[in-house]
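Protein chains in written order, with the numbering used here: chain F, 949 to 1438; chain G, 52 to 492; chain R, 5 to 253. C-beta: ideal position from N, C-alpha, C; glycine also.
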Amino acid sequence: MAAVQETVEQVKGLAVEQYKYGFFTDIESEKAPKGLNEDIVKFISAKKGEPEWMLEWRLDAYRRWRNLDEPSWAKVKYPPVDFDDLYYYSAPKRADDGPLSLDEVDPELLRTYEKLGIPLREQEVLAGVQGAKVAVDAVFDSVSVVTTFKEELAKSGVIFCPISEAVQTHPELVQKYLGSVVPVTDNFYATLNSAVFSDGSFVYIPEGVRCPMELSTYFRINESQTGQFERTLIIADKGSYVSYLEGCTAPMRDENQLHAAVVELIAHDDAEIKYSTVQNWYPGDAEGVGGIYNFVTKRGDCRGKNSKISWTQVETGSAITWKYPSCILRGDNSRGEFYSIAISNGHQQIDSGTKMIHLGKNTSSRIISKGVSAGKSSNTYRGLVSAHRRASGARNHTQCDSLLIGQTCSAHTVPYIESKNSTAKFEHEATTSKIGDDQLFYCRQRGLNEEEAVALIVNGFCKEVLQQLPMEFAVEAQALVGISLEGSVG
Amino acid sequence: MSIQRSEAETAYLEAFAEAGEVLPKAQWLEPARQAARDSFAETGLPHRRDEAWRWTDLRTVLDTGFPPALTGSQSEVPAGVKSPFTALDRHVIMFVDGHLRAELSDYEGLCGAAQCVCIDEDLDDAPQWLREKFGSAFTDEHDAVSALNTVFLTGGIAISVPAGTKVDKPVELIFVNTGTEPQTLNTRCLLVLGDGAEITLLETHLGVGDGRYVANSWTEVFLGTGARAEHIKVQNETASAVHLANTHSVIGAGATFNSLCLSAGAQTTRNQIKSRLDGEGGHVGIAGAYMLSDRQHCDTALMVDHAVPECTSGELFKCVMDDHARGIFQGKIIVRPDAQKTDGMQMTQGLLLSETAEFDAKPELEIFADDVRCTHGATCGELDEDQMFYLRSRGIPADEAKSLLIAAFIGEAVDEIESEEIRDLVKAYVAELRDGAGDGS
Amino acid sequence: MLEIKNLHAKVEDQPILRGIDLTVNPGEVHAIMGPNGSGKSTLSHVLAGRDDYEITEGSVSYKGEDLLEMEPEERAAHGLFLAFQYPIEIPGVATMTFLKTAVNSQRKLRGEDELATPDFMKLVREKADQLKVSQDMLRRSVNVGFSGGEKKRAEILQMAVLDPTLCVLDETDSGLDIDALRVVADGVNALRGPDRGMVIITHYQRLLNYIVPDHVHVLSAGKIVRSGGKELALELEESGYAAYEADAA
């Protein structure tokens, strides 16, 4: 008891303001007027020079959205969001005509990404700053500012570009797949996103192609009172493979900012998509003021036989996280995976988990969720595993572990299990525990200080999930786990 | 705001008006009845949009009105309707169609050791303990099942066991429902145990023939410091019946409450089990078993509330579903901010014997204290192939191997009963029910 | 009593057994040795009637009857016993209950009267004492919470109580320390007799120091590639399976 208490006290002394991505880039930007109405939707569409069908799609979503209510079932509490007091479009000036070549990008922007540790200059990457090549789509507030390695990717037929560009250059693919996994009316935030999404990434991997490098998108919210509504669409055609990484940060502000993204993945026969997220939006300060509201809809459709979709997430940021990356296991023998680390501290509230919908025969899924709550935070795992009548031979194994640090936080587990097929076999296990005094003592006896000991133990607790991350992200994520607890417990 | 009321809701609301004339009279009970009326008028019957009812739509189940059974019935109890505990030396309190039948009961011996108050009498003179505890275990929310019971209550028993008294033999409450006409039977049992008191309470619900009715029963158990109670409920209503039940317990310091609920009968069953650990060192054990076939539907909503430190709880539910049956288990363990050193364990297992059977589970943990050890597990599947093969390789035919495995599966829940004698009687009853079912698979 | 001819079996389109020939006469003890993945365990499961395997060719006759036509429980009633490499845990079924059900099911299938409870208890106690199986183990659920050694002893106890005519022991020595091995081997040796055949499947020669076989066969890639006397086992201990694995490839 005593050792944990000391740790909590000591760590409390460190300010939450240690959030190291909390700076603001002073760059002139162009915004749409505040608030949301049909004119704003038309404004966004016009800014992107979109075809008529795209505008109609948005307007339809907007009209439906007006009749929807915000969901209230999640274990999160926040004052009502005033959707009329937000900017729905903000772009750095000059960047509003779509991504430029790197030479044309505002140097201030480049410095921003440098500070964030995101290499946008291909030659820097080649110079060996990082071990492996990673293509980056950098999204700044509402627009994509640059996408790297496009030409090299194009050689193998891979399309990697901002979604606004794809609407122009590959309308047939966008029309075919957009909204096919997350329908326009799926939920309140997804519908809002469908109306006002401004940018995001589009990926198409052709049949039989193994994407030659990791693809990544880096999201940055900069402007104040601005919502970010990105839209990502990834299609892996038959027998292809892609690994995709996503990272997010925002400046420290004492207001709450809204981020409502939609991600859709489609895996055809024998294709595999690996989607990894390190989410480190600004979590708010020690008193719970400010921070991002992260209301995200992510869903993958294992449409073809033997297809596989794997979600890995490290959620350390945001004031509120509402996010359930899911898999629809439609194709026979398809597989879904969800590996999650969710660390909450300060006044953060996380309600996150997954859905594994078994539709096809012999489909399998695996869920490993590691929740760490500290400070005054609340951390909820919410998940659904279901087998439909036809899903014979479905298999799921779920492991859900919660770790509590200190007496003022809470951890919740809300799994739903629905089996309509007798040959389906589901197993769910969950545990809740705290860091043992004996573990801490043992580490300290070996010379670690308490913070190091806590970080070490938590990293051990999360190991099964950390191992799932691509190398490029694993090291960063591991450090982030330590930093989150260092700076934010209490 | 206009409310679309279902036929059943309207019928219940109309019946409220007449009910006051015939029900047990008690001024002190009126505020609770009024609150229940108001709450029902406002929310009506639950349906799937209520999270707690996401798998059971009571509006559909109660599609026609089942008028409350306000006047006593003198129906005979057919010889074939037999409690599984007949062979046991016990006190018997018998209810037929929601009304206590003194001539069929035998509990004089109990009245020497404990105070027994029959609930269908005039309750204006009810003793203080009854007024205080009646319906008080969980008052935080009104739900339709509790509201209907509170308003239409026609029969029941309240038993107070004084401190230090160990009731000499088990007490069995038998609820026989003849279903001669479609009606709602609302009964109540209140058990208050003084410090160190001990009792074994058996609760048997039996239906006659294929009568169609709604049985709404509510059992409340309060355990004083160091008290011990074992509660075994066997439910075998008719195949057309609806069984709605509240089982509430409040457990004092160092007290132990151990229970088993076997759900075998009824078309639709809803068990609402709530338990609060109210004093340090308390323990609650809740076991459940389902034996469902045809189109039976059984939904248990369980909540264990660790309100104070150093308590332990364990729940084990074993659910067997055959044919088109559907089993549902929703279990929540809450650990309040002060409830350090809590040890909570929950396990639910569904066994599907046919392709069209279904199992849904929602095992929840809600933890607000850090120094706790809580686990839950849930599994669902068919009979284990390896086990089947192992048994057959030893010469046991497939049918018998299957029966053995099912009995063992259910038996794990039954084994949670402490009394060996009662355990054996329940196991024998389980075997009898399975044989009776003719092993239709 | 057992005659396996040109037996081929596959699992999920993967051929495992590719033409096994083996004859076991009453009183004989045969050891089947081979590298991992050679098909040893598959052979034992096919003999006992596990339905995950598809027999594509060949025949198995047992006491003149077609073994492959029988259900697993019929094979057991005809006197075939498989000691599992990984005995299955059955929570909720007491070992004693399990044994009694098995004994009486087999007797029923053979058209014999059921064994009276006192006689049965006496029989089990006697065998249990010989195999150092405690009363407590008999009360516990089948194999649940048993150590590796306890599981194997319980298998041999079942074998002794069920009194089979053909015993197939699948890697019975795996996971046993030297003392446990001796107890198990003594149990098996006590069951050797002129009317009973035994097939001992093992990876290591060690067990054969205690249960001395009459014949030793080497299984590789689903076929018996060499047969000999007990000295073949010692030779394998010296040279290993490398030569046979090369054959397989």
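Determine, using beta carbons only, whether residue 157(R) and residue 184(R) come nearer to each other than 9 Å.
Numbered from 1 along the third sequence, position 153 holds the residue referred to as residue 157(R). Numbered from 1 along the third sequence, position 180 holds the residue referred to as residue 184(R). Contact flag set, yes.
Comparing C-alpha positions only, which one of 394(G), 309(G), 270(G), 255(G) sits nearest to residue 278(G)?
For the purposes of this step, residue 278(G) is taken as residue 227 along the second sequence, with counting starting at 1. Closest by alpha carbon: 309(G).
Helix, strand or coil for residue 1076(F), going by three-state DSSP, please let me know.
The residue you call residue 1076(F) lines up with position 128 of the first sequence. In this predicted model, residue 1076(F) has a pLDDT of only 36, less than 50, meaning its place in the structure is not dependable; the value taken from the coordinates is given anyway. Helix, per DSSP.
May I ask which residues mark the beginning and end of the alpha helix (DSSP H) holding residue 1159(F)?
The sequence position of residue 1159(F) within the first sequence is 211, counting from 1. Looking at the DSSP string, residue 1159(F) is not in any alpha helix (DSSP H), and its letter there is neither H nor E.
DSSP on residue 1369(F), reduced to helix/strand/coil?
On the first sequence, residue 1369(F) is found 421 positions in, with the first residue counted as 1. If DSSP states are grouped into helix, strand and coil, residue 1369(F) belongs with coil.
Pull out every residue of the region 457–474 of chain G whose Cβ sits closer than 7 Å to any Cβ of chain B, in chain order.
The structure shown has no chain B; the protein chains it does contain are F, G and R.
Given residue 156(G), which residues of its chain have a CB within under 6 Å of its CB, disregarding the five upstream and five downstream residues?
Walking along the second sequence from the start, residue 156(G) turns up at place 105. Counting only Cβ-Cβ distances below 6 Å, and skipping sequence neighbours, we find 143, 144, 145.
Between which two residues does the alpha helix (DSSP H) containing residue 1336(F) stretch?
In the first sequence, residue 1336(F) corresponds to position 388, counting from 1. Premise fails: residue 1336(F) is in no alpha helix (DSSP H) and is neither H nor E.
Taking Cβ-Cβ distances shorter than 8 Å, what residues in chain R pair up with residue 341(G)?
On the second sequence, residue 341(G) is found 290 positions in, with the first residue counted as 1. Correct list: empty, because the minimum Cβ distance to chain R is about 16 Å.
Can the beta-carbon of residue 261(G) be found less than 9 Å from the beta-carbon of residue 280(G)?
Against the second sequence, residue 261(G) aligns to sequence position 210. Against the second sequence, residue 280(G) aligns to sequence position 229. No. Outside cutoff.
Can you name the residues of chain R whose CB is closer than 9 Å to the CB of residue 409(G)?
Along the second sequence, read from residue 1 onward, the residue named residue 409(G) stands at position 358. Result: empty, since nearest Cβ-Cβ is about 23 Å, beyond 9 Å.
So with CB distances below 7 Å, who are the chain R contacts of residue 440(G)?
Taking the second sequence and counting its residues from 1, one reaches residue 440(G) at position 389. Result: 54, 76.
Under three-state DSSP, which class holds residue 1376(F)?
As a working note, residue 1376(F) is residue 428 in the first sequence. Residue 1376(F) falls in the strand class under three-state DSSP.
What does a CB cutoff of less than 6 Å around residue 113(R) pick up in its chain, not counting 5 residues either side in sequence?
Sequence index remark: in the third sequence, residue 113(R) carries index 109 (1-based). Correct list, in chain order: 81.
Spell out whether any CB of chain G is found under 9 Å from the CB atom of residue 124(R).
As a working mapping, residue 124(R) is identified with position 120 in the third sequence. So, not an interface residue.
Along chain F, which residues have their Cβ under 7 Å away from the Cβ of residue 416(G)?
Here residue 416(G) corresponds to residue number 365 of the second sequence, with the count starting at 1. The contacting residues are 1360, 1361, 1378, 1380.
Can you tell me where the alpha helix (DSSP H) with residue 441(G) in it begins and where it stops?
In the second sequence, residue 441(G) corresponds to position 390, counting from 1. Residues 436–444.
What does DSSP give as the partner residues of residue 84(R) in its beta bridges?
On the third sequence, residue 84(R) is found 80 positions in, with the first residue counted as 1. DSSP output for residue 84(R) lists 170(R) as bridge partner(s).
Rounding to the nearest angstrom, what Cα-Cα distance links residue 1192(F) and residue 1224(F) in this structure?
Numbered from its first residue, the first sequence carries residue 1192(F) at position 244. Numbered from its first residue, the first sequence carries residue 1224(F) at position 276. Going by the C-alpha atoms only, they are around 6 Å apart.
Could you check whether the Cβ of residue 453(G) sits closer than 9 Å to any Cβ belonging to chain R?
Start at 1 with the first residue of the second sequence, and residue 453(G) comes out as number 402. Cβ-Cβ to chain R under 9 Å: no for residue 453(G).
Any Cβ of chain R within less than 9 Å of the Cβ of residue 485(G)?
Your numbering for residue 485(G) matches position 434 in the second sequence. By this cut-off, residue 485(G) is not an interface position.
With burial defined as no fewer than 16 other Cβ atoms inside 10 Å of the residue's Cβ, what is the status of residue 204(R): buried or exposed?
Translated into positions along the third sequence, residue 204(R) becomes position 200. Looking at its Cβ environment, which holds 16 or more other Cβ atoms inside 10 Å, residue 204(R) is buried.
Kindly indicate which residue of 1257(F), 1003(F), 1241(F), 1238(F) has the alpha-carbon position closest to the one of residue 1247(F).
Here residue 1247(F) is taken as the residue at index 299 of the first sequence, counted from 1. The option with the nearest alpha carbon to residue 1247(F) is 1257(F).
Under a CB-based cut-off of 9 Å, is residue 1371(F) close to chain G?
Taking the first sequence and counting its residues from 1, the one referred to as residue 1371(F) is at position 423. True, the Cβ-Cβ gap to chain G drops below 9 Å.
DSSP beta-bridge partners for residue 338(G)?
By one-based count along the second sequence, residue 338(G) stands at place 287. Bridge partners of residue 338(G): 311(G), 367(G).
Taking DSSP as the reference, what is the three-state secondary structure of residue 1229(F)?
If you number the first sequence from 1, residue 1229(F) lands on position 281. Residue state, collapsed to three classes: coil.
Is residue 1013(F) helix, strand or coil by DSSP?
Within the first sequence, residue 1013(F) is the residue found at index 65, counting from 1. Residue 1013(F): helix per DSSP, three-state reduction.
Can you name the residues of chain G whose CB is closer than 8 Å to the CB of residue 1021(F)?
Counted from its first residue, the first sequence places residue 1021(F) at position 73. In chain order: 102.
Are the C-beta atoms of residue 233(G) and some chain R residue less than 9 Å apart?
In the second sequence, the residue the question calls residue 233(G) occupies position 182. No, residue 233(G) lies away from the interface with chain R (no Cβ there is under 9 Å from its Cβ).
Could you tell me whether the region 1328–1339 of chain F touches the region 1366–1381 of chain F, where touching means 3 or more Cβ pairs closer than 8 Å?
They touch, by the three-pair rule.
Considering residue 84(G), what are the terminal residues of the alpha helix (DSSP H) in which it resides?
Here residue 84(G) refers to the residue found at position 33 when the second sequence is read from its first residue. Its alpha helix (DSSP H) spans residues 81–94.
Taking the alpha-carbon positions, what's the residue 1082(F) to residue 1132(F) distance?
The residue labelled residue 1082(F) in the question sits at position 134 within the first sequence. The residue labelled residue 1132(F) in the question sits at position 184 within the first sequence. One C-alpha to the other measures close to 31 Å.
Could you confirm whether any beta carbon from chain G is found closer than 9 Å to the beta carbon of residue 1272(F)?
By one-based count along the first sequence, residue 1272(F) stands at place 324. Cβ-Cβ to chain G under 9 Å: no for residue 1272(F).
Once the 5 residues before and after residue 1387(F) are set aside, which same chain residues still bring their CB inside 7 Å of it?
Mapped onto the first sequence, residue 1387(F) falls at position 439. Taken in chain order, the residues that qualify are 1405.
Using a cut-off of 8 Å between C-beta atoms, extract the partners of residue 413(G) located in chain F.
Working through the second sequence from its first residue, we reach residue 413(G) at position 362. Neighbours of residue 413(G) on chain F, chain order: 1362, 1363, 1364, 1365.
In three-state terms, what does DSSP make of residue 293(G)?
Here residue 293(G) refers to the residue found at position 242 when the second sequence is read from its first residue. Three-state DSSP puts residue 293(G) in a strand.
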